[in-house]
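Numbers given in the working numbering equal positions in the sequence shown, counted from 1, plus 500.
Structure first, commentary second.
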Amino acid sequence: MQVKHSFVRYSVSLMEVMVHVVFDFLVLKGQVENIASDDAATATVERNNPPNKILFCTNLPNETTKQMLSILFSPYPGLKDIRRVPDRPDIAFIEFESEGRAIVARTALSDFKITPSQAIHVDYANK
């Protein structure tokens, strides 16, 4: 039996594709080592909080300013707002225009060494 037209439909979301693309880019830049790309991309999306457009940054140095965070996150398209928490200089909320854009920024900056001895933690904010 011969089939003239056939195709396979994959169930892959745009976000999953974006995570893989960003991860592959980071691997090429040498920022990610010794991790299988499928495992790392899955681990990136499956954290404590489900993905959303607001990121929760912790472990920031006390001297971090809103301007510094703007410089760090502005290379990622869709940056909408940066909110600091009074009396908590070590945390901030970073809002993007969409969940997809937040995923790209989080993938690139999670555990980014903001100083030689201190890495920031970037996760999705509670909804």
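All residues carry an ideal CB built from backbone N, CA and C; glycine is no exception.
None of these values were measured; they are calculated from a predicted model.
Which class does A625 belong to by DSSP, given the choice of helix, strand or coil? DSSP places A625 outside both helix and strand once states are collapsed to three, so it counts as coil.
Specify the secondary structure class of T544 as computed by DSSP and reduced to three states. Because T544 carries a pLDDT of 41, less than 50, the predicted location of this residue cannot be relied on, and the following value inherits that uncertainty. DSSP, read as helix, strand or coil, puts T544 in helix.
Using the rule of at least 16 other Cβ atoms within 10 Å of the residue's Cβ for burial, across every protein chain shown, is K580 buried or exposed? With fewer than 16 Cβ atoms within 10 Å of its Cβ, K580 is classed as exposed.
Taking 8 Å as the threshold (C-beta atoms), are I594 and L555 in contact? Yes, the Cβ-Cβ distance between L555 and I594 is below 8 Å.
Within 10 angstroms of the Cβ of I620, are there 16 or more other Cβ atoms? Answer buried if so, exposed if not. Classification for I620: buried.
Coarse secondary structure for V521, derived from DSSP in three states: In this predicted model, V521 has a pLDDT of only 49, less than 50, meaning its place in the structure is not dependable enough to derive any value.
Start and end residues, alpha helix (DSSP H) containing I591: I591: not part of any alpha helix (DSSP H); member of the beta strand (DSSP E) spanning R588 to F596, first to last residue.
Nearest CA to the CA of D587: which residue from E563, G600 and V604? Per the Cα distances, E563.
Assigned secondary structure, F573 (DSSP; H/G/I helix, E/B strand, else coil): It is helical.
Cα-Cα, which of V585, E597, V622 and A608 is closest to T565? Of all alpha-carbon atoms in V585, E597, V622 and A608, the one lying nearest the alpha-carbon of T565 is that of V585.
Cβ shell of Y624 (< 6 Å), same chain only, five flanking positions each side left out: Only N549, P551 and N552 meet the Cβ criterion.
For K613, does the three-state DSSP call read helix, strand or coil? Look at K613 here: in three-state DSSP terms it is strand.
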